[in-house]
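Take a look at the structure below.
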Amino acid sequence: MRFWQVFLASTGLWLSTALAQTTITIATVNNPDMITMQKLTPEFEKANPGIKLNWVVLPENELRQKVTTDIATNAGSYDVLTIGTYEAPLWGKNGWLVEISGLPASYDLEDVLKPVRAGLSYQGKLYALPFYAESSMLYYRKDLFAAKRLTVPAQPTWTQAINWARQLHNPSGGVYGICLRGLPGWGENMAFITTLVNTYGGRWFDENWRPQLTSPEWKRAIGQYVELVTKYGPPGVTGNGFTENLTLMSEGKCAMWIDATVAAGYLSNPKTSKVADKIGFAKAPVAVTPNGSHWLWSWALAIPKSSKKVEAAKTFIAWATSKEYIELVGRTQGWVSAPPGTRYSTYNNPNYQRAAPFAKVVLDSINTADPTRPTLKPVPYTGIQFVGIPEFQAIGTQVGQFIAGIVAGRSSLDNGLAQAQAAVEKLMKEAGYIK
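FYI, in mature numbering (1 follows the signal peptide of the UniProt record, and there is no 0) the residues of the sequence shown are -20 to -1, 1 to 415.
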């Protein structure tokens, strides 16, 4: 065969391969674990040469807004969505997501933690695969606590946490007593605040869907929260969400932080944390009840019905949530960075156990978080840090803004909660929950 014939033949082969290549667009959040997944794109594309990955990485609030709009309007901008335990059952019920079925035996679905699988299902059908799962916990600076001769029990109380914040607050020394979410959003400040309300005995709604935001329990919890963040927290708290507080804690500027268990690996990694050897771990504090004191969440990968590339998308999400992917991260990024909270095999792995001193607290927290019993009193909803109804995105975000207003001094505690109560009551009446 002459040279030009060989050249044309090889060019034709290359062109047919290029034309056959499928590009899938993935919408995800700018959390450290997701950024690691993006960094490992070449590994996936090498193993799956027919699939190319296009990433859209967004801050949490923006991701929620764009993904929700896209799927509700059937726009089809994305082939893989990063969603959570709030969206998966609701969107599965609406018929917006592709059911996850037909996974290879090697995927070992039974290895995925049962509470996590249940949280991503509707009527026994699975609609997303968990990339990582989390509860919430207390992070604290062992060195600062030791210097004050303070001891943290495995299960602290809020009374203890408040006293510790008071004693350890040292802004002139560059350390704040406590860091908590203040950025308004149903998945930002209200995720933490709802667990605080829960453990103080409060609830979003009574059994007849009447809002309870002016109850003594809400007033006590929000009053405590406002005092903590304004007296013992960093300045500009209403601009601080998960990511901002993670940065503050990893730079050694917080004596305590109560937030997602997924941060444990980042804070324990000397490559990403200046205080990696000084971080202690304990369960989230409790007040009058342990019910709902720590949340259950999973960032998971789902496929919208609007995708035209379902098979390629399935191939990707099965890879990104597999045992093999976790091994890959452990091998290339260090076991402390392995995606947590999803698989029993991770917690049985000696490499992970050695690298993750927080593993037992995280696993216990996930296993004891019960979305069916989120409060002390009966409620008509499921969900710990959210209420599992479609209206909650709007409700949670609106209430989050009212509470940020209280923190910023734009309204009093009583006025802010009265405004929030009126707004939620109006929305619930319009939605038909209250006659």
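Every residue, glycine too, gets a C-beta built ideally from N, C-alpha and C. Just so you know, these numbers come straight off a predicted model, no measurement behind them.
Asked	Found
Put L228 into one of helix, strand or coil per three-state DSSP.	helix
Looking only at C-alpha atoms, which of R146, G56, C234, P265 sits nearest to S286?	G56
What's the gap between the Cα of V359 and the Cα of T352?	9 angstroms
Does DSSP put V36 in a helix, in a strand, or in coil?	strand
Using only CA atoms, which one of G153, T16, N395, P110 lies nearest to I283?	P110
Applying the 10 Å Cβ sphere with the 16-neighbour rule, what's the burial state of T53?	exposed
According to DSSP, is T3 helix, strand or coil?	strand
Measure the beta-carbon distance from T175 to S273 and round it to whole angstroms, keeping in mind my assumption that it falls under 8 angstroms.	6 angstroms
Is the separation between the beta-carbon of N41 and that of T5 shorter than 9 angstroms?	no
Which residue marks the beginning of the alpha helix (DSSP H) containing residue 491, and which one marks its end?	A question about residue 491 goes unanswered here, because the residues of the chain that appear run from -20 up to 415.
Would you give the residue range spanned by the alpha helix (DSSP H) that R121 belongs to?	It is not in any alpha helix (DSSP H) - R121 instead sits in the beta strand (DSSP E) that spans 116 to 121.
Going by CA-CA distance only, name the one from Y413, T252, I346, V217 that's closest to A388.	V217
Please state whether DSSP places residue 418 in a helix, a strand or coil.	No answer is possible for residue 418: it lies beyond the span of the chain, which begins at -20 and ends at 415.
In the DSSP assignment, find the unbroken alpha helix (DSSP H) run with V60 in it and report its ends.	It is not in any alpha helix (DSSP H) - V60 instead sits in the beta strand (DSSP E) that spans 60 to 63.
Can you have a look at N329 and say buried or exposed, based on whether 16 or more other CB atoms are within 10 angstroms of its CB?	buried
For G30 and A262, what's the separation of their Cα atoms in angstroms?	45 angstroms
Which residues in the same chain have their Cβ closer than 8 angstroms to the Cβ of A349, if we skip the five residues on either side of it in sequence?	P95, S115, H274, W275, L276, I364
Spell out the partners DSSP gives S81 in its beta bridges.	Partner(s): none; S81 has no beta bridge.
Could you name the residues of the same chain whose beta carbon sits closer than 6 angstroms to that of P12, not counting the 5 residues immediately before and after it, in chain order?	Y246
Leaving out five residues on either side along the sequence, give the residues of the same chain with a beta carbon under 6 angstroms from the beta carbon of Q1.	G30, K32
When the Cα atoms are used, what is the spatial distance from G182 to L163?	22 angstroms
I need the straight-line Cα distance from T137 to W315, nearest angstrom please.	31 angstroms
On a CA-only basis, which of E371, Q378, F125 is nearest E410? Give me that one, please.	E371
Rounded to whole angstroms, how far is the Cβ of T179 from the Cβ of V266, which I believe are closer than 8 angstroms?	5 angstroms
Could you check which residue in P319, E291, A293, D50 has the C-alpha nearest to that of E304?	P319
Who are the Cβ neighbours of T223 in its own chain at under 8 angstroms, not counting the five residues just before and after it?	N10, N11, P39, E40
What is the rounded straight-line gap between the Cα of K289 and the Cα of V60?	9 angstroms
Applying the 10 Å Cβ sphere with the 16-neighbour rule, what's the burial state of G412?	exposed
With 16 other CB atoms within 10 Å as the buried threshold, where does P215 fall?	exposed
Please identify the residue among K233, R390, A27, Y102 whose C-alpha is closest to the C-alpha of N74.	Y102
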